[in-house]
Each structure stands twice: as structure tokens, then as C-alpha cells.
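Taking our numbering, the leading residue of the first sequence gets 715, the next gets one more, and so forth. Every residue gets a Cβ at the ideal spot worked out from N, C-alpha and C, and that includes glycine. Just so it is clear, the structure is predicted and the values come from calculations on it, not from any experiment. What follows is a set of notes on a single structure, which appears directly below.
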Amino acid sequence: MPELPEVRTVCRYLNKAVKNKKIKNIYINLPKIIKNIDHNKFKEIVKGKKILKIFNVGKWIVFDIDNDYKILVHLRLEGKFRNILKGQNPKHDHIIFNFEDKTNLYFNDSRQFGTFHLLKGDYLNQKPLSLLGKEAQNTDVNWLHQKLSKKRIPIKTSLLDQKILVGLGNIYVNEVLWIEKIEPETPSNQITIKQLKKILKTSYEIMEKSYKLGGSTIDSYVALNSKEGLFQNFLNVHTKKDLPCSRCKEKILKKWVGGRGTYYCFKCQK
DNA sequence: CAGCGTGTTGAGGA
DNA sequence: TTCCTCAACACGCT
Numbered sequence: 715m716p717e718l719p720e721v722r723t724v725c726r727y728l729n730k731a732v733k734n735k736k737i738k739n740i741y742i743n744l745p746k747i748i749k750n751i752d753h754n755k756f757k758e759i760v761k762g763k764k765i766l767k768i769f770n771v772g773k774w775i776v777f778d779i780d781n782d783y784k785i786l787v788h789l790r791l792e793g794k795f796r797n798i799l800k801g802q803n804p805k806h807d808h809i810i811f812n813f814e815d816k817t818n819l820y821f822n823d824s825r826q827f828g829t830f831h832l833l834k835g836d837y838l839n840q841k842p843l844s845l846l847g848k849e850a851q852n853t854d855v856n857w858l859h860q861k862l863s864k865k866r867i868p869i870k871t872s873l874l875d876q877k878i879l880v881g882l883g884n885i886y887v888n889e890v891l892w893i894e895k896i897e898p899e900t901p902s903n904q905i906t907i908k909q910l911k912k913i914l915k916t917s918y919e920i921m922e923k924s925y926k927l928g929g930s931t932i933d934s935y936v937a938l939n940s941k942e943g944l945f946q947n948f949l950n951v952h953t954k955k956d957l958p959c960s961r962c963k964e965k966i967l968k969k970w971v972g973g974r975g976t977y978y979c980f981k982c983q984k
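Below is the structure:
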């Protein structure tokens, strides 16, 4: 499910669904999801706290709860929140919040890759958030250029690295490189400042567009319960193998770059 | 039945 | 030490 626009969308609807609710109980069906603290301790601390607000830092979802504590959730590939029972596979409901008003919030993850952390105090300067890079619109192009100047790995791999930029995932990186006509395997240190400037701008624009699209085409029920409608419609290369490039009509190719499926137009992207 | 995947980490090699 | 690659995580879908 999640790249930055999806995570932001989930946060928006989580605020609608559970903000200001008091956690009466929490059920942890799969303890290994809780990463940095014993799950019984986690439960003990979280129980009775009120959810003040929910926001994102990169692809991490931050639940701000009473007394300086933050719950960090990463959805990874399949994690999702639901506030209803309908349509779920209860087998994959690993964490269940039960609120004082008798409503529930379910964390469901069929692949069990998603993670929870509980942090106290200065959460931005603790792992895992302390490791993160910057969002595209806050990134100084000279800083980025310097950062990439010693890297020979493919530009696509660098753009996916959350220690450099946060938010881009495989889908949007494929799209950004297609828009900017950059070959995905170009060594990072060969990308010019001018190109980096455009990469940052395009990354920001594509994620804004996706966020707004997500916001306008789904309601809260869907946002919390499905990944429908977020991606489709405006993708140019991702999953378009063998289809004609919408710019030059050449066949879109697929290859592996850094272990990830990479779609590109060999004619446009040099 | 085999291959693939929207994300990240850690082991191990160079 | 730093850089880089790749397997692993676990399951559903094609």
C-alpha cells in the first residue's frame, strides 16, 4: 500500500476516526510486531492513554498519546488500519485498539511485515526516525548533490533510500525517472544539480497530486479499509511492461535494479 | 506449481 | 571504515 501520499491519507482519516479517543484496552495477537519494547510493557503503558493526534514522519505513522509517549507504526507492504469489522480477514488482525466509546481500531497485515515502536520523549532524535532523510520539498539541492557525489549506485536505488529522501517508493521512483527522462541505472554521482533540482520538484509534485487524488476519490471508510483507487489512472510506466510509452510509443521495458522491479522507456530515458 | 511484490534491515563481501 | 548487494521477513495473487 504505502508510499508517502498513502501514508498521509491514512493519517488524515485516522485523525477523523480515532483522534481524542481514550484507549481502554489493546489486544496484541502477534507480539513480534512490537519492535523495541516487550509487548506486555507496551500494553501496560498504552492502556488508558488518549490519542491526541496522528501525523506522519516520512512513511512512519506517529500516534501522539499522553505523557510524552509516541506510538510509531510502519505499514511496510501490506499493513492497514480498519475501524470496522466488515470485509476483514480476522486471521490477520494483529493489534486491536479498544476505545472507551466502545469502537475499535484494527491493525491488519497479511504479510506481518508492519512494525510498531513505542518511544518516549525526543522521538525525532531516536531510532528509527533519527535515521531519516528529508522530504523532497525541504531538500536543498546542493546538499543532495553533495550526498550523492560519492555514490556510484544507481540513481533509482539512491532515491529509494529513506536515509537520503523520505517518501518515494518503487512506484513513484519509476514515474519520476520516466518524467525526467533519466535512465534508472545511471550512477548517482553522474546526475547533475540541474537534474536533481527537477527530480526534487517532480517528486514533490507527483506525491502532492497523488495525495489530492487519494483524498478526492475515496472516503474515510475506504481509506481505512482498502488500497483501492490510489494508484491507478495516472501511472505512466509502473506495471506498464510491453505497453507503448505514452510519450514516444516505444515498448516499456522491465528490468531489475537493486533487487526491485524497474519499468522504463529505453528510448526516452538515457 | 513457480514467480512476483507497494519496504526495510542486517549480514557479509569487497 | 565505507560502500554495496542480496537474502530474509510471510502471504496472497497471477
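- Starting from residue 884, follow the beta strand (DSSP E) in both directions and report where the run begins and ends. Counted as a single uninterrupted DSSP element, the stretch harbouring residue 884 is not any beta strand (DSSP E) but the alpha helix (DSSP H) occupying residues 884-893.
Taking its Cβ as the centre, do 16 or more other Cβ atoms sit within 10 Å of residue 809, making it buried, or is it exposed? Flag for residue 809 reads buried.
Could you tell me the alpha carbon to alpha carbon distance between residue 968 and residue 962, rounded to whole angstroms? 17 Å
Between which two residues does the alpha helix (DSSP H) containing residue 729 stretch?
718-732
message: Using a 10 Å radius around the Cβ and a threshold of 16 neighbouring Cβ atoms, would you call residue 965 buried or exposed?
response: exposed
4-residue-minimum alpha helix (DSSP H) runs that sit fully inside the segment 814-876, ordered along the chain: Fully enclosed alpha helix (DSSP H) runs of 4 or longer: 855-862, 869-874.
- What first and last residue would you give for the alpha helix (DSSP H) that runs through residue 753? 753-760
Worksheet item: When the Cα atoms are used, what is the spatial distance from residue 933 to residue 726?
Response: Only weak support exists for where residue 933 lies, its pLDDT of 48 falling under 50; the value from the coordinates is given anyway. Answer to the nearest angstrom: the Cα atoms are 11 Å apart.
Practice problem: To the nearest angstrom, report how far apart residue 889 and residue 971 are at their CA atoms. | Solution: 15 Å
Subject >> For residue 793 and residue 754, the rounded distance between their alpha carbons >> reply: 22 Å
TODO: Less than 8 Å between the CB atoms is what I'm expecting for residue 949 and residue 903, so what's the real figure, rounded?
DONE: Contact flag wrong, Cβ pair sits at about 29 Å.
**Asked** Which residue comes first and which comes last in the beta strand (DSSP E) that contains residue 778?
**Response** 774-779
**Asked** Where does residue 913 fall in DSSP's three states?
**Response** helix
Residue 859 vs residue 907 beta-carbon contact at 8 Å: yes
* Among all the DSSP beta bridges, which residues are the ones paired with residue 795? -> 821
Given this structure, state the Cα-to-Cα distance separating residue 731 from residue 887, to the nearest angstrom. 31 Å
### Task
Please list, in chain order, all residues of the same chain as residue 831 whose beta carbon is under 6 Å from its beta carbon, the five residues on each side excluded.
749, 750, 786
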